[in-house]
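What follows is a set of notes on a single structure, which appears directly below.
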């Protein structure tokens, strides 16, 4: 079987594209870094790929709001190719800034199947600061997300953002939970919820990552792509970090296409 | 003109407001009830009502979180509204992005397509039918409204505005009471008015006083001797004859004079480091030093270079280049951005970091960036506001702004900030220091050629790529050669645009790998005049058509375009056969690139404007006609009063030192920098059982296909410089190398950079002790040489910043001589790296290196007023220790290794213990010393070249054999008691304190950041 192909989307200010591509390649896929302008020029380009990855960074400087300008660009210039991609049963992953873009675009959470309307938000951390720190995350056992299947009870990844506070109305939250769309929550090392810094940004219901109702579109604030080697763990010199948690998320995505 | 104001529906979801409110309370002691932040967009475009509505709704407002208003803003509950925008010409990043976003969405503008459009800043095309005119400045400007509820007097509101929210050098602001705000009478400032570009000729006066005045008034920063050399050049008959041919008179044009001022600036030519110095020490005959650079810095490298084979390119390019392995080379440069950061801390520091990014980018064929470092020196953050003279920003504000600037520059460029430190001293209140460094990586060979070499051929096209040119940053290079005064012109203040640079860099690496350009350099100090002037040397000439250079707005005179230091620009030399492919690539990446001339071999730098020759300078003379400085230097050791015998209980002293600003945890700052982007991190700045211990250095694995790692460290201690700058310099080199070795760098693979920040070392009537300042510089350069040679660590690049002085009412306040040494090392295998935290109970604790009575400049002395000599550097012993430690690390014998420097053994032991969440028990009698030391001396002396190391008992024998030829001592062990217990020389316990208490003291001081 030929290898799964991943399109890692580039745009001005995206800066986690190399490590995201590397993670997918380590997981057994072929990853191409493709600039958004090249897709606008050739809208059929995404058809060659099975996975679309929106990496972290500061797309367009996060000016106006994080992820906003790239989300508008995708909406106004590439709405068709992206909806086609999702409707064809393929996978979409948004990490950090990529998650912000997917939420602004409406692909997440897409409650009620509405993929064109922004229904939730990611805004300024309650600390009002950008912060780089490692957090523990618990996959929701009822979650449908393809990417988090079979993960350990608690995994460990870094967050690196200033606008990661997940906000959604009460009804939306209830719908999100009942549809199994909560994928990851911030917890402590033992798997229990807690205040800052356990929940690093003030997200409602400690939500760190969500999927759409199919589980095939996934966005998360933490960065799984930088925990694919044991020595990326902050305490590897103390004997922790093996095997690395982040790579599993990419393996899940690649595995998804096995036998399809 | 439309005004769109975007407001959070639920203010509790916007954390910015409470954060600024807290800052106002902390910094100004003003209490307000609430503050919320509102984003304002002024849009100058002929849009219909429903179109502007769509832009506001679809682009500017988050439908879940926010509402927008057009026209009158919602003023209910607002007692004061302070609107802060940018002054005309100041970079407005959000405004530009918004304009580009609007231009990118034809359906938003209500036009059909982008065909036949108008090109604008950033390479974007605006549909012509949208009716937006080019050249009138960006059509979107932004501002921020701070909506305040709370009873404030107008004076308090103004204090709040100027104390926290706005800086009049870059901001336009308006303070409005509720009623006025509701009327929304305020509109954004207009861009600079149109001005017809002019080229002037300049009369060079005959007398020295006139020449000096011309230099001073024109901000040329040229000396009388230099002005005379210029006058002599223009007076030569052959010069006049050659000029006549192209229509120039025998008088210089303003462009020519400015070119000379930039090219001959201290910033570009390092005149002081290359000067001939007559140096006198007490009791010795004067000696002549023929260039400090050649005699001490370069000679150290030449000496070390005989023993090593990994130097690739040193001192000749924008940054130094060394080999990582057979495939990759590493590039490193550190710069300072001091004066701009004093005036506008945020913009100054942001420009500092994105500016130094361009040095590795502009080295050889261009490197990719892999790490940033930053070191700051500030005044004390708790300084009384009353103690500040007018015009000086409070150290706390400078700190906040600089920190934020480096955050935005590093994070948005996607470059991890992995190492640095912050020092505080009264002396930096008037002249904060901001050191920014960037490392890069490039394949050793690109397209079959060595990547570190540049070549330019006659006929190659000159391409300017990246941002546009504005009045921001004019005279930056010459400005750094004068001291700050209350009347310093604000035209030098600029704000970087990291995203413009990031997309340019991405496109450039693409172009590099496809062989689409022949040479690259950055537009930094001196702008185009320097970049083209330097590149022209490779082929012997250049011809520039300056009117082609794209401007941010009209109204610049040609000389301003030529020397502007507007950021985010590189200059390329491009072969005519690759130009089309290159331009197409940039176009597809929304990166603006313009052909502005071509390289030549006629021996001249020629600048035309609208076809008329505006400058023509003999290239050889331009680069070598600068008269050499002849300077006097004198060294006198400071008087050291006899020791006072104030003593402080060791445990009290330890708590106070750990809780001092210079030693305390910098975690609050470190966490706001992305230190893990690119996924290369191996040893992070924070380490230990709960990720909060102070790492000595960073380790990166820059490429997945290379086993080798890069180690980044630094050393700085201006306190020793007050005693003897020689000792300061040697200690800084030693500390930088030691920090790198502590995490696993091979001591035979460490290269270093020097950054000198000094006062004005040129003696004159206005600067009577200039010779003393130069004497200190000589001492420091000597210390650099001796330590670098002893440790086998070559300098590969460096930078100097003089004139770190402030003129206050006729009194000159200079900073203490400050030298930063930055180290970049190589570790053979990143899997060998070691961190500083104690690992497990029962491990043995060792002190490596000799502890001596060297209390001068120490933190303990800072508490007691104790005087004495600064730590002396003993090269052979240091080198032996470092080689032994590395051997032990390679054999995996070391569980933790920690640099022992500021605060001595006591601080190193405390940090080792609390970072590991463990206790340590040690006996001072076991510490190897060079004689009888008291408990206090043993614990707090800051002797060089020492480590605290922990070792698993099973490895103890082999470890002790490995370090046998060094001064080592087994001083105790790691415990699980959570206490630091120190037994003194008379077997009494002198410290017994919980590590939690020690850690708390250490973490407290900068929590507010």
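Protein chains in written order, with this note's numbering: chain A, 1 to 260; chain B, 261 to 1269. Where is the CB? At the ideal position from N, CA and C, for every residue including glycine. A quick note: this is a predicted structure, and the numbers were derived from the prediction, not measured.
The DSSP assignment places 1104–1108 as complete runs of the beta strand (DSSP E) inside the region 1081–1116 of chain B, in order along the chain (cut-off: 3 residues). Taking 7 Å as the cut-off, the Cβ atoms of residue 921 of chain B and residue 542 of chain B do not count as close.
Nearest C-alpha to residue 304 of chain B among B:1095, B:262, B:285, B:295: B:262. Residue 682 of chain B carries a strand assignment under DSSP once its states are collapsed to helix, strand and coil.
Not flagged as an interface residue toward chain B: residue 81 of chain A, since no C-beta distance is shorter than 7 Å.
Beta-bridge pairing by DSSP links residue 435 of chain B to B:342.
Here the C-alpha atom of residue 700 of chain B lies approximately 27 Å from the C-alpha atom of residue 1050 of chain B.
The Cβ atoms of residue 1107 of chain B and residue 1229 of chain B lie closer than 7 Å to each other.
For residue 849 of chain B and residue 574 of chain B, the gap between their C-alpha atoms comes out near 33 Å. Under DSSP, residue 805 of chain B forms a beta bridge with B:868.
Residue nearest to residue 493 of chain B within the set B:640, B:459, B:878 is B:878 (criterion: CA-CA distance). Taken in chain order, the complete beta strand (DSSP E) segments of 3 or more residues contained in the region 830–909 of chain B are 853–859, 864–869, 872–878, 890–894. No Cβ-Cβ contact shorter than 7 Å links residue 1208 of chain B with residue 1261 of chain B.
The C-beta distance from residue 200 of chain A to residue 159 of chain A rounds to 5 Å, short enough to fall under 8 Å.
Identification of residues in the region 1075–1100 of chain B having a C-beta nearer than 8 Å to some C-beta of chain A yields 1090, 1091, 1093, 1094, 1095, 1097, 1099, given in sequence order. Every candidate beta strand (DSSP E) stretch fails here, since none sits fully inside the region 450–506 of chain B while reaching 3 residues. The shortest CA-to-CA distance from residue 488 of chain B to any of B:1075, B:473, B:478, B:468 is the one to B:468. Going by beta carbons, residue 264 of chain B and residue 325 of chain B fall outside the 7 Å limit. In this chain, residue 1228 of chain B is not harboured by any alpha helix (DSSP H); it is covered by the beta strand (DSSP E) spanning 1228–1235. Interface criterion not met: the Cβ of residue 664 of chain B is under 7 Å from no Cβ in chain A. Cβ contact annotation for residue 712 of chain B (same chain, cutoff 6 Å, sequence separation greater than five): 572, 573, 581, 624, in chain order. Residue 221 of chain A and residue 952 of chain B have their C-alpha atoms roughly 22 Å apart.
Not a single CB atom of chain A sits nearer than 7 Å to the CB of residue 764 of chain B. Annotation: the continuous beta strand (DSSP E) that includes residue 1059 of chain B extends over 1055–1061. Under the Cβ distance rule, residue 365 of chain B counts among the residues neighbouring chain A, one pair being separated by less than 7 Å.
In the three-state reduction of the DSSP assignment, residue 547 of chain B falls in the strand class. The three-state reading of DSSP puts residue 724 of chain B in strand, counting E and B together. With respect to residue 36 of chain A, residue 7 of chain A sits apart: the two C-beta atoms are not nearer than 7 Å. Contacts between residue 938 of chain B and chain A, judged by CB atoms closer than 7 Å, involve 18, 19 in chain order. DSSP places residue 1164 of chain B in the helix class (H, G or I) of the three-state scheme.
Only 928, 930, 931, 932, 933, 934, 935, 936 from the region 924–936 of chain B bring a Cβ to less than 9 Å from some Cβ of chain A. Among the residues of chain B, those whose CB is under 9 Å from the CB of residue 127 of chain A are 275, 279, following chain order. Taking C-beta atoms as the reference points, residue 426 of chain B and residue 433 of chain B count as a pair closer than 7 Å. Interface criterion met: the Cβ of residue 674 of chain B is under 7 Å from a Cβ in chain A. Ranked by how close their Cα comes to the Cα of residue 20 of chain A, the residues B:937, B:1030, B:1158 have B:937 in first place. For residue 1255 of chain B, the secondary structure class from DSSP, reduced to helix, strand or coil, is helix.
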